[in-house]
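Heads up: the protein sequence lines correspond to chains A, B and C, in order. If you're matching positions, the first sequence starts at 1 in this note's numbering and goes up one per residue. If you're matching positions, the second sequence starts at 1001 in this note's numbering and goes up one per residue. If you're matching positions, the third sequence starts at 2001 in this note's numbering and goes up one per residue. Built from N, CA and C at the ideal position, the CB exists for glycine as well. One structure is given below, encoded as structure tokens.
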Amino acid sequence: HGGRRRLVSSSEDEPCKKMTVYYHDILYTGNNTANATSAAVTKPAAALSTSHWANGTFFGLLVVFDDLVTEEQALSSEPVARAQGFYFYDKKEEYNAWLAFSLVFNSTAYTGTLNLMGADLMYEKTRDISVVGGTGDFFMSRGIATLSLNAAEGTVYFRLKMDIKLYECYV
Amino acid sequence: HGGRRRLVSSSEDEPCKKMTVYYHDILYTGNNTANATSAAVTKPAAALSTSHWANGTFFGLLVVFDDLVTEEQALSSEPVARAQGFYFYDKKEEYNAWLAFSLVFNSTAYTGTLNLMGADLMYEKTRDISVVGGTGDFFMSRGIATLSLNAAEGTVYFRLKMDIKLYECYV
Amino acid sequence: HGGRRRLVSSSEDEPCKKMTVYYHDILYTGNNTANATSAAVTKPAAALSTSHWANGTFFGLLVVFDDLVTEEQALSSEPVARAQGFYFYDKKEEYNAWLAFSLVFNSTAYTGTLNLMGADLMYEKTRDISVVGGTGDFFMSRGIATLSLNAAEGTVYFRLKMDIKLYECYV
């Protein structure tokens, strides 16, 4: 590692590193202990959550996760990382979330982590969050991850596509 | 966007971008559903919270927010962004907090987000937190936000002045 | 401060700043109000936490802390900072955590803060998290902190060694 040099992209159009991965969130529902990879640890703030929608917007619900991350779309495909972190819902009027997590890589391709945080603006088709740091193969990285909903099954499962572009790398 | 170039300030005195905004937090109290923009989702750790102050320091109370952000001081003035994120109180001896959030801009002036985190040292007249990333018009930004309490009404409402100085920009 | 200049390390082997500190976490247990510096504010997600280990992996337990940080190992040695933030456990199969916090320095050596976040991969002997920003004497810093467990007493106390290396400094 010691010989790596810092590389900063000179343009938005030319990230020093690009990859696409899929994030699979399987929420604990009470009877899926073996499969679940995330669980709510707070309850929604009832009045705020239901003030606009009878079924609630989950305002205040915080979920801790250790989710599978794959290179192919299918949940059953080869994992390349785990996504470890949390998200919470934060809007009265509609579904909207905020999240912070680490992508923990441990594959033949990469070891190390990327650390991300930002607003998951669920009403936007795509939304950008920040890659604020990295370790190991991603030492001192920074960049952007573009998120989009890729699949959902009720409130039990959803899959996000994450297009990751790094603009600061060590190579 | 593609033509933007990276700009790094050579001195603390010359940020590449400066702005001042006001953050308005209206905590849910049980009977202000229409106005509230934030809500507690955990309870204080009772013994630690009251060990120094009878009324408690709220140690452990975590608040999720979707707060209004304006350019003018008045809560009723034109919003320029939403602040979406969370804070929690973290001290036994006095009020003190820690927070992480996104400023989500969607105005004629800006679209995009700034991502911030840091210690909100409430006993200091002003305190600095980090701008750790940005997206859209704030692509890959970094900087400092200086916070100060600007107004408060009991435990229902407070307003923070946020002086934001970016030292890494794409222009 | 105004005269400081930006310094970026050209190599992983030559951080612009290095320090080692010890982080002391004393968890509130119900009868250590005077000494405790942290407290759980959520409960583990019971089924996920105990699905692999009878005693539980604490999956979903979130702890808020205002912990002592020293330059020497001993808890009783001179503090150099407080670590203010939170961690939570996030794995079904074993102990594993994620954390975000600020090191708040207020000593003769330093004033200012460092802001950190990342996966605390407890099953690894050492693990790296990101220093994503800094303020005051650590204005705009970035780097890596290498964590390792240094001591533990049941579930009441643990001490982490934190080797901090900054690769972006203002000097």
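Inset, instruction - Scan the segment 1032 to 1114 of chain B and note each continuous beta strand (DSSP E) run of 3 residues or more that stays entirely inside, going in chain order. - result: 1038 to 1040, 1062 to 1070, 1079 to 1089 and 1097 to 1106
Legend entry - Ser-2148/C, enclosing beta strand (DSSP E) - first and last residue: 2142 to 2153
Legend entry - Residue-chain proximity (Ser-102/A, chain C), Cβ-Cβ < 9 Å: yes
Inset, instruction - Using a cut-off of 9 Å between C-beta atoms, extract the partners of Met-2162/C located in chain B. - result: Neighbours of Met-2162/C on chain B: none; closest Cβ ~16 Å, over 9 Å.
Inset, instruction - Quick one: using the 10 Å Cβ neighbour count with 16 as the cut-off for buried, is Trp-53/A buried or exposed? - result: exposed
Inset, instruction - Just tell me which of Ala-2083/C, Gly-2112/C, Thr-2033/C and Arg-2082/C has its CA closest to the CA of Val-2156/C. - result: Thr-2033/C
Inset, instruction - Indicate whether the contact test is met: 3 or more Cβ pairs, each with one atom in the segment 89 to 104 of chain A and one in the segment 2104 to 2114 of chain C, closer than 8 Å. - result: no
Legend entry - Extent of the continuous beta strand (DSSP E) to which Leu-1962/C belongs: Outside the modelled stretch of chain C, which goes from 2001 to 2171, sits residue 1962/C, for which no answer is possible.
Inset, instruction - Return helix, strand or coil for Leu-121/A, following the three-state DSSP convention. - result: coil
Legend entry - Nearest-angstrom Cβ-Cβ length linking Val-1063/B and Ser-1038/B, presumed shorter than 8 Å: 5 Å
Legend entry - Pair within 9 Å by beta-carbon distance, Leu-1147/B and Ile-1129/B: yes
Inset, instruction - Identify whether Tyr-2022/C lies in helix, strand or coil by the three-state DSSP scheme. - result: strand
Legend entry - Given Glu-2012/C as reference, the closest of Cys-16/A, Pro-15/A, Asp-13/A and Gly-3/A once Cα atoms are compared: Gly-3/A
Inset, instruction - List the residues of chain B that Ala-2046/C touches, going by C-beta distances under 9 Å, in chain order. - result: Per Cβ cutoff of 9 Å: no residues; Ala-2046/C is ~17 Å from chain B at best.
Legend entry - Residue-level contact to chain C via CB, Ala-1083/B, 9 Å cutoff: no
Legend entry - As assigned by DSSP and simplified to three states, the class of Gly-3/A: coil
Legend entry - chain C residues whose Cβ lies nearer than 8 Å to that of Arg-1142/B: Gly-2133 and Met-2140
Inset, instruction - Consult DSSP for Asp-2128/C and reduce its assignment to one of helix, strand or coil. - result: strand
Inset, instruction - Assign Gly-2143/C to buried or exposed, taking buried as 16 or more other Cβ atoms, counted over all protein chains shown, within 10 Å of its Cβ. - result: buried
Inset, instruction - Can you pull the chain C residues whose beta carbon is under 7 Å from the beta carbon of Met-1019/B, in chain order? - result: Chain C residues near Met-1019/B: none, gap ~18 Å exceeds 7 Å.
Legend entry - Short CB-CB distance (under 9 Å) between Thr-1108/B and chain C: no
Legend entry - CB contact check: Arg-1006/B to chain A, cutoff 9 Å: yes
Inset, instruction - Select from the segment 41 to 66 of chain A all residues with a C-beta closer than 7 Å to any C-beta belonging to chain B, and list them in chain order. - result: Thr-42, Ala-45, Ala-47, Leu-48, Ser-51, Phe-59, Gly-60 and Leu-62
Legend entry - Residues that Thr-2113/C contacts on chain B, provided the C-beta gap is smaller than 9 Å: Gly-1118, Ala-1119, Leu-1121, Arg-1127, Asp-1128, Ile-1129 and Ser-1130
Inset, instruction - Determine the contact status of Tyr-2028/C and Ala-1081/B, defining contact as a CB-CB distance below 9 Å. - result: no
Inset, instruction - Would you please verify whether the beta carbon of Tyr-2023/C is less than 9 Å from any beta carbon of chain A? - result: no
Inset, instruction - Give the residues of chain C in contact with Thr-33/A, contact being defined as C-beta atoms less than 7 Å apart. - result: Ala-2047, Leu-2048 and Ser-2051
Inset, instruction - Identify the contact partners of Gly-1136/B in chain A, using a Cβ-Cβ distance below 8 Å as the criterion. - result: Asp-128
Inset, instruction - Indicate whether at least one CB of chain A lies closer than 9 Å to the CB of Ala-1097/B. - result: no
Legend entry - Bridge-paired residues (DSSP) for Gly-30/A: Note: Gly-30/A sits in no beta bridge, so no partner.
Inset, instruction - For Met-1140/B, collect the residues of the same chain with a Cβ closer than 6 Å to its Cβ; drop the 5 residues on either side in sequence, then sort them by chain order. - result: Tyr-1170
Inset, instruction - Determine the direct distance from the alpha carbon of Leu-1103/B to that of Leu-2061/C, and round the result to whole angstroms. - result: 28 Å
Inset, instruction - Output the distance between the C-alpha atoms of Ser-2010/C and Tyr-2167/C, rounded to the nearest integer angstrom. - result: 8 Å
Inset, instruction - Taking C-beta pairs closer than 9 Å, name the residues in chain C that Phe-86/A reaches, listed in chain order. - result: Leu-2062, Phe-2088, Asp-2090 and Trp-2098
Inset, instruction - Return the CA-CA distance between Val-1131/B and Asp-1025/B, expressed in angstroms with no decimal places. - result: 20 Å
Legend entry - Reference Phe-2101/C; option with closest CA among Glu-2078/C, Gly-2133/C, Glu-2071/C and Tyr-2095/C: Gly-2133/C
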